[in-house]
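Scroll down for the structure; my scribbles are underneath it.
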Amino acid sequence: MVSMEFILITGRTIEQGKFKEHAKTTEKYKGNVAICEMHADDMYRLGVKDGDNVKVTTELGSVVVKVRKSKRIRTPGMVFIPFGPWVNSILPSETEGSGMPHLKGFKVKIEPTSEPVPDIKDLLLKTYGVKK
Numbered sequence: 061m062v063s064m065e066f067i068l069i070t071g072r073t074i075e076q077g078k079f080k081e082h083a084k085t086t087e088k089y090k091g092n093v094a095i096c097e098m099h100a101d102d103m104y105r106l107g108v109k110d111g112d113n114v115k116v117t118t119e120l121g122s123v124v125v126k127v128r129k130s131k132r133i134r135t136p137g138m139v140f141i142p143f144g145p146w147v148n149s150i151l152p153s154e155t156e157g158s159g160m161p162h163l164k165g166f167k168v169k170i171e172p173t174s175e176p177v178p179d180i181k182d183l184l185l186k187t188y189g190v191k192k
């Protein structure tokens, strides 16, 4: 199976913000946060289409999310995942004394997968051992 390396950036989106306070266990939240926005050229090279599942891997682990053709990403080689439990599960929590974790510029490997996108409850249990 094909895999490619990318630079990951994270951030807020309007859609993520709508659901983060009161609807984190809904499919709408998952559909707007468990995503990886990617440049169309990279999607073609990776052999994925809008809505396919991809596995995003860092040195800390991996998570499965849906890939989306991005209007934000104008440079091939970069991907964007909104703030939320899915991306948090593969990013380090160290703050290097600043109190703020580093959330941009991570090297990630991305590959197509037939694995399902985990529900938030399963993700929290796997990542943190927490039942919500």
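Numbering (our numbering), first residue to last: 61 to 192. Virtual Cβ for every residue (Gly too), placed ideally from N, Cα, C.
8 Å Cβ cutoff met for residue i and residue j
i	j	result
T117	S149	no
V124	K115	yes
I180	K90	yes
V139	M103	no
Alpha carbon of residue i to alpha carbon of residue j, nearest angstrom
i	j	result
V147	P136	20 Å
P129	A83	The residue you asked about is not Pro; residue 129 is Lys in the sequence shown. Distance between the alpha carbons of K129 and A83: 25 Å.
K167	I67	5 Å
D101	G165	20 Å
K126	L183	15 Å
V93	T85	11 Å
For residue i, the first and last residue of its enclosing alpha helix (DSSP H)
i	result
I170	Where I170 is concerned, there is no enclosing alpha helix (DSSP H), although the beta strand (DSSP E) it sits in stretches over K164 to P172.
I180	I180 to Y188
E87	E87 to V93
L106	A100 to L106
The beta strand (DSSP E) enclosing residue i, as first and last residue numbers
i	result
R199	Absent from the model: residue 199. The displayed extent of the chain is 61 to 192, so no value can be given.
V142	Sequence inspection shows Pro at residue 142; the Val mentioned does not correspond to that position. Here the beta strand (DSSP E) through P142 covers M138 to P142.
V147	First-last for V147: P145 to N148, but that is the alpha helix (DSSP H), not the beta strand (DSSP E).
6 Å CB neighbourhood of residue i in its chain, flanking five on each side removed
i	result
E171	M61, S63 and K115
I141	T70, C96 and V147
Residues of its chain near residue i, where Cβ-Cβ distance is below 7 Å and the 5 sequence neighbours each way are ignored
i	result
G121	S149 and I150
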